[in-house]
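For reference, the structure is listed below as structure tokens.
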Amino acid sequence: MPLFSAKMEYALRSMLYLAQQPAGVPVQSRDIAEAEYIPGPYLDQILAALKRAGLIRSIRGVGGGYELAKPPSQITVGDVLRAFAGDSLQPSEATHREHATTTIACIRDFQRRTSEAIWRLLDSTTLQQLLEQKYLLDQAQSIAPYL
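Just so we're aligned, residue 1282 is where the sequence shown starts under the working numbering, counting upward by one.
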């Protein structure tokens, strides 16, 4: 079962693409869509949500586009995912109180602890760290054909 929805993954890919661009150089959405294989209309929804969350800004007019609102070292994976999920990794509260059991309480506690651990990881991982990992993977792939 995937932890991230397709929209979350597309958002992270879009943010990493923007993070790789020179500061102050806006990128058009069609360039992101083409480079990251994201359907244009879907990307527009994603970019709008990222903008509402204050993670990117849009520049209008000739030479306009999108850019990160902060340096990649100041944006976490958790920041990006919350723009789409809120805290959806939180445990469910679907059971009515009259049906609560110690089994349910045990499971809920485990879900809560799992969710907290996941969010700690997401909130402690920056776009800059992902870019550094991507760079290492790119380097390894460029060397691999010669081994």
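We put the beta carbon where it would ideally sit given N, CA and C, even for glycine.
Rounded to whole angstroms, the separation of the alpha carbons of residue 1290 and residue 1328 is 13 Å.
Residue environment for residue 1322: exposed (fewer than 16 other C-beta atoms within 10 angstroms of its C-beta). The beta carbon of residue 1340 is closer than 8 Å to those of 1307, 1346, 1347 and 1348 in its chain, skipping five residues each way along the sequence.
A distance below 8 Å separates the beta carbons of residue 1300 and residue 1412. In the DSSP annotation of this structure, the continuous segment of the alpha helix (DSSP H) that includes residue 1298 starts and ends at 1287 to 1300. In the three-state reduction of the DSSP assignment, residue 1337 falls in the strand class. If the five residues before and after residue 1363 are omitted, its C-beta is found closer than 8 Å to the C-beta atoms of 1334, all from its own chain and listed in chain order. DSSP places residue 1359 outside any beta strand (DSSP E); the residue lies instead in the alpha helix (DSSP H), whose first and last residues are 1358 to 1366.
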